[in-house]
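There are 2 protein chains.
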Amino acid sequence: MATVGIKDIATLAKVSPATVSRVLSSPELVSKKTLNKVKKIIDEMGYRPNRIGASLRTRKSGNIVAIIPDITNPVNAGIIRAIEQGAQSAGYSILLGDTQGLVERERHYADLVTSGQADGVLLFCSRMPFRIDPTLPLSGQIPPMVNANENMGNDEIVQVAVDNVAAAKAAVDYLVAQGHKRIAAITGPDDIPSSNERLQGYFAALEEAGLVLDPDLQIAGTYTVDSGVNCAEKLLLLRKRPTAIFCFNDEMAIGVMKLLKKQGFLIPEDVSVMGFDDIHYAEYVTPALSTVHQPLKEIGTACINLLLEQLRGNHVPPGRQFLPFELKLRASTGPAPHF
Amino acid sequence: MATVGIKDIATLAKVSPATVSRVLSSPELVSKKTLNKVKKIIDEMGYRPNRIGASLRTRKSGNIVAIIPDITNPVNAGIIRAIEQGAQSAGYSILLGDTQGLVERERHYADLVTSGQADGVLLFCSRMPFRIDPTLPLSGQIPPMVNANENMGNDEIVQVAVDNVAAAKAAVDYLVAQGHKRIAAITGPDDIPSSNERLQGYFAALEEAGLVLDPDLQIAGTYTVDSGVNCAEKLLLLRKRPTAIFCFNDEMAIGVMKLLKKQGFLIPEDVSVMGFDDIHYAEYVTPALSTVHQPLKEIGTACINLLLEQLRGNHVPPGRQFLPFELKLRASTGPAPHF
DNA sequence: TAGTTAGCTGAAAACGATTTACATGTTAAT
DNA sequence: ATTAACATGTAAATCGTTTTCAGCTAACTA
Numbered sequence: 001m002a003t004v005g006i007k008d009i010a011t012l013a014k015v016s017p018a019t020v021s022r023v024l025s026s027p028e029l030v031s032k033k034t035l036n037k038v039k040k041i042i043d044e045m046g047y048r049p050n051r052i053g054a055s056l057r058t059r060k061s062g063n064i065v066a067i068i069p070d071i072t073n074p075v076n077a078g079i080i081r082a083i084e085q086g087a088q089s090a091g092y093s094i095l096l097g098d099t100q101g102l103v104e105r106e107r108h109y110a111d112l113v114t115s116g117q118a119d120g121v122l123l124f125c126s127r128m129p130f131r132i133d134p135t136l137p138l139s140g141q142i143p144p145m146v147n148a149n150e151n152m153g154n155d156e157i158v159q160v161a162v163d164n165v166a167a168a169k170a171a172v173d174y175l176v177a178q179g180h181k182r183i184a185a186i187t188g189p190d191d192i193p194s195s196n197e198r199l200q201g202y203f204a205a206l207e208e209a210g211l212v213l214d215p216d217l218q219i220a221g222t223y224t225v226d227s228g229v230n231c232a233e234k235l236l237l238l239r240k241r242p243t244a245i246f247c248f249n250d251e252m253a254i255g256v257m258k259l260l261k262k263q264g265f266l267i268p269e270d271v272s273v274m275g276f277d278d279i280h281y282a283e284y285v286t287p288a289l290s291t292v293h294q295p296l297k298e299i300g301t302a303c304i305n306l307l308l309e310q311l312r313g314n315h316v317p318p319g320r321q322f323l324p325f326e327l328k329l330r331a332s333t334g335p336a337p338h339f
Numbered sequence: 001m002a003t004v005g006i007k008d009i010a011t012l013a014k015v016s017p018a019t020v021s022r023v024l025s026s027p028e029l030v031s032k033k034t035l036n037k038v039k040k041i042i043d044e045m046g047y048r049p050n051r052i053g054a055s056l057r058t059r060k061s062g063n064i065v066a067i068i069p070d071i072t073n074p075v076n077a078g079i080i081r082a083i084e085q086g087a088q089s090a091g092y093s094i095l096l097g098d099t100q101g102l103v104e105r106e107r108h109y110a111d112l113v114t115s116g117q118a119d120g121v122l123l124f125c126s127r128m129p130f131r132i133d134p135t136l137p138l139s140g141q142i143p144p145m146v147n148a149n150e151n152m153g154n155d156e157i158v159q160v161a162v163d164n165v166a167a168a169k170a171a172v173d174y175l176v177a178q179g180h181k182r183i184a185a186i187t188g189p190d191d192i193p194s195s196n197e198r199l200q201g202y203f204a205a206l207e208e209a210g211l212v213l214d215p216d217l218q219i220a221g222t223y224t225v226d227s228g229v230n231c232a233e234k235l236l237l238l239r240k241r242p243t244a245i246f247c248f249n250d251e252m253a254i255g256v257m258k259l260l261k262k263q264g265f266l267i268p269e270d271v272s273v274m275g276f277d278d279i280h281y282a283e284y285v286t287p288a289l290s291t292v293h294q295p296l297k298e299i300g301t302a303c304i305n306l307l308l309e310q311l312r313g314n315h316v317p318p319g320r321q322f323l324p325f326e327l328k329l330r331a332s333t334g335p336a337p338h339f
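Line order of the protein sequences matches chains A and B. Residues in the first sequence are numbered from 1 upward in steps of one, following the UniProt record's numbering. Residues in the second sequence are numbered from 1 upward in steps of one, following the UniProt record's numbering.
Have a look at this one:
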């Protein structure tokens with residue numbers, strides 16, 4: 001690898017390293033003549049400034065670390081893609097921290113900013129990865145950070161997501177309007193705040209409709225297809241079966257439909273199925289899955305913009321920022337069966 | 001942000017910075033007594049060595065850049081996840097370079113190693129992102145690099161993938177064995193080497209079976225669901241329709257099935273559909289998609305191991321390394337229809 | 001003409017670690 | 001007692017930039 005440094009360029013151009021540096025970062029301070037002379041040498045030599053040297057001096061790494069439980073999750077992948085795009089245009093690179101849901105890996109990646117390898121954090125999970133003193137105000141204790149698509153239960157943190165309560169309520173409202181009275185909910189793990197928010201929305205819709213809240217109809221899944229299958233099995237064993245199943249993500253909804261079809265149930269004639277997320281494939285399962293659309297690209301863009309704003313040193317008002325969801329009604333939901 | 005440096009620790013522990021450095025990186029050179037003393041101070045102060053300073057001196061960034069056309073593609077996401085895992089255990093971080101297929105972004109991310117921000121490259125596309133002199137041997141001109149799942153048409157590069165020719169041939173062999181005589185191929189874009197390899201496998205299988213090669217049955221798609229729909233439309237307009245369609249990825253296969261069902265064709269009674277990749281959802285479309293399984297985790301692990309080996313300064317024999325594929329036969333393929 | 005001023009440029013000091021070469025102190029061997 | 005060997009610690013150079021401060025020149029003002 002070529003190892004030509006700023007000094008070499010300076011020598012060749014018969015100027016000082018300072019001038020070369022200025023040519024690169026504040027050309028307006030340099031006279032046209034020297035500017036061209038230096039630029040020419042830089043081109044000829046194919047000189048690339050060493051970013052590590054610059055980082056050491058400026059105390060800016062130019063990196064942002066994204067702490068993500070699972071990059072293979074299409075929701076996360078969709079958000080991260082928009083984030084990467086925005087970061088790149090602003091001259092930042094994304095460090096990928098797939099944590100597989102493990103606290104120690106969340107901490108590990110958070111440490112990258114402590115050790116100067118990253119300037120800010122994009123957090124896709126709900127735990128605070130930094131050691132903080134709860135008696136002190138949060139700002140000042142943490143680096144620039146934005147939470148993507150989760151709820152950290154702390155309004156001092158900048159957070160971007162869909163209003164899960166409202167979105168879940170809208171989904172259940174629709175099922176209610178279709179005449180369903182026994183609506184089951186397959187939730188996510190109960191330590192995930194966004195899942196609990198969806199559950200609240202579910203409760204709110206039932207209450208507003210004056211429907212009884214049957215605890216048997218509420219089951220916790222794990223956001224996987226298999227868990228959808230398992231939960232659906234339990235629901236079908238019930239003496240009074242649900243006529244609609246609201247799954248807190250599309251994966252589980254796909255699992256539910258798989259079992260339903262296997263057992264000979266018609267979707268949506270016997271049972272309606274509603275998902276959440278609107279992953280790419282929701283449209284292509286049979287019947288096409290009704291679900292709640294999350295605007296991944298917009299969420300990603302909002303996250304990176306809010307983070308960049310902080311990195312520029314500007315104040316960003318903390319708190320949650322909601323982006324609009326959309327109910328996608330496809331073929332897996334329909335009127336409640338008569339009997 | 002605490003800004004405690006190695007000098008502060010040294011002062012507090014009444015030793016020199018060099019000793020503190022040794023405590024961290026080569027503890028065996030330090031006496032037990034000083035070791036404990038220094039460690040205690042480090043803990044008390046919560047000192048984290050600044051990685052930028054260290055990088056500048058050691059000329060190692062501890063980063064690996066992954067250059068990927070599209071992180072939302074489940075195949076790439078699956079591979080990258082295994083890569084990230086292996087990198088993290090070796091103390092490396094992954095810089096995510098989603099290029100959206102653009103040459104300039106590939107170059108941009110390759111530049112990260114030129115500028116010292118990354119020590120090695122994981123390449124998910126087939127173009128060489130570094131400017132090289134073709135008259136000189138490649139080694140020495142490029143940094144440690146491994147190609148994932150593509151073919152760069154250059155045996156001086158370390159490359160890990162599935163044997164696309166053999167895999168495609170196996171898929172078509174199976175269709176032939178099921179009695180199909182008119183087997184269509186929906187390929188990927190024709191500038192993608194792995195797609196061309198699959199095409200070769202398709203040709204080889206047909207030739208071996210003594211089947212005529214009808215150019216009408218070969219259409220180039222773009223690896224998207226929509227393109228699957230479009231290509232299938234063209235195939236169905238043919239006077240002599242295919243009885244089986246081999247799609248070079250699962251997305252297009254899903255599109256093909258969507259159109260087929262819409263037009264009232266039975267799968268596989270009227271037309272068999274075969275995919276490639278075995279993405280997670282292939283199992284859950286209806287009918288379940290027969291496809292070629294790619295071992296994503298193994299590919300990722302092999303890639304990162306080969307790269308780490310190079311980063312350790314060891315020679316890795318260049319060339320392609322094939323990992324075993326697997327034919328997943330599900331419900332979308334069956335015997336050719338009688339007539 | 002002398003005094004300002006504006007516009008460029010250069011010298012040198014950071015930034016925060018690692019590492020080489022050397023100094024000191026201690027023990028063991030002669 | 002002298003020396004050698006070893007264990008431990010220190011001082012200082014180094015990595016490649018950026019940036020402050022000061023100096024120089026040339027042009028402008030009074």
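We treat Cβ as the ideally placed atom computed from N, Cα and C, and that holds for glycine. Quantities reported herein were computed from a predicted structural model and do not represent experimental measurements.
Buried or exposed by the 16-neighbour rule on C-beta atoms within 10 Å, applied to residue i
i: B:V121; result: buried
i: A:G319; result: exposed
i: B:R239; result: exposed
i: B:P268; result: buried
i: B:G313; result: exposed
i: B:D194; result: Sequence check: residue 194 of chain B is Ser here, not Asp. Buried is the call here.
i: B:L56; result: buried
i: B:P129; result: buried
i: B:L96; result: buried
i: B:D277; result: buried
i: A:L237; result: exposed
Cβ shell of residue i (< 7 Å), same chain only, five flanking positions each side left out
i: B:K7; result: P17
i: B:Y92; result: G62, N63, I64
i: A:V23; result: V30, L35, V38, K39
i: A:A166; result: G201
i: A:I84; result: In the sequence as presented, Ile is not what sits at residue 84 of chain A; that position holds Glu. Excluding positions up to five away in sequence, the list reads I94.
i: B:N76; result: I68, D70, F124
i: B:K60; result: D119
Contacts around residue i, its chain only, beta-carbon distance under 8 Å, and the 5 residues preceding and following it disregarded
i: A:T224; result: E251, M252, G255
i: residue 347 of chain B; result: This structure leaves residue 347 of chain B out entirely; chain B is present only between 1 and 339.
i: A:F325; result: V162, D163, A166, A167, A170, V292, H293, Q294, P295
i: A:R107; result: P129
i: B:E44; result: none
i: B:A302; result: V160, Q321, L323
Contact set for residue i: own chain, Cβ-Cβ below 6 Å, skip 5 residues either direction
i: B:A87; result: I64, I94, I304
i: A:L296; result: G78, I79
i: B:A331; result: P287, A288
i: A:R198; result: N164, A168, F248
i: A:T333; result: P268, S272, M274, S290
Contact the segment 135-152 of chain A vs the segment 167-186 of chain A: 3+ CB pairs below 8 Å: no
Contained beta strand (DSSP E) runs [length at least 3] in the segment 181-228 of chain B, N- to C-terminal order: 183-187, 218-220
Inter-stretch contact (C-beta, 8 Å, three-pair minimum) for the segment 248-261 of chain B and the segment 218-236 of chain B: yes
Beta strand (DSSP E) runs wholly inside the segment 292-337 of chain A, at least 3 long, in chain order: 319-323, 326-328
Residues within the UniProt domain "HTH lacI-type" (4-58) of chain A neighbouring chain B, beta-carbon criterion of under 7 Å: R48, P49, N50, R51, I52, G53, S55, L56
Short-range partners of chain B found in the segment 83-95 of chain A, where Cβ spacing is below 8 Å: E84, Q85, Q88, S93, I94, L95
Near-chain B residues of the segment 120-147 of chain A - C-beta to any C-beta below 7 Å: P143
Touching by the beta-carbon criterion (3+ pairs, under 8 Å), the segment 263-274 of chain B and the segment 196-207 of chain B: no
Interface positions of the segment 60-81 of chain B facing chain A (Cβ-Cβ less than 7 Å), listed along the chain: S61, I71, T72, P74, A77, G78, I80, R81
Short-range partners of chain A found in the segment 262-285 of chain B, where Cβ spacing is below 9 Å: I279, H280, Y281, E283, Y284, V285
Members of the segment 96-115 of chain B near chain A, C-beta cut-off 9 Å: L96, G97, D98, Q100, R105, H108, Y109, D111, L112, V113, T114, S115
Positions along the segment 211-234 of chain B whose CB lies within less than 9 Å of some CB in chain A: V225
Given 8 Å, three or more beta-carbon pairs between the segment 179-187 of chain A and the segment 147-154 of chain A: no
Proximal residues, the segment 248-261 of chain A versus chain B, C-beta separation under 7 Å: I254, K258
Selection of the segment 294-307 of chain B by Cβ proximity to chain A, strictly under 8 Å: none
Segments of 4+ residues assigned as alpha helix (DSSP H) that fall wholly inside the segment 17-89 of chain B: 17-25, 32-45, 51-58, 74-89
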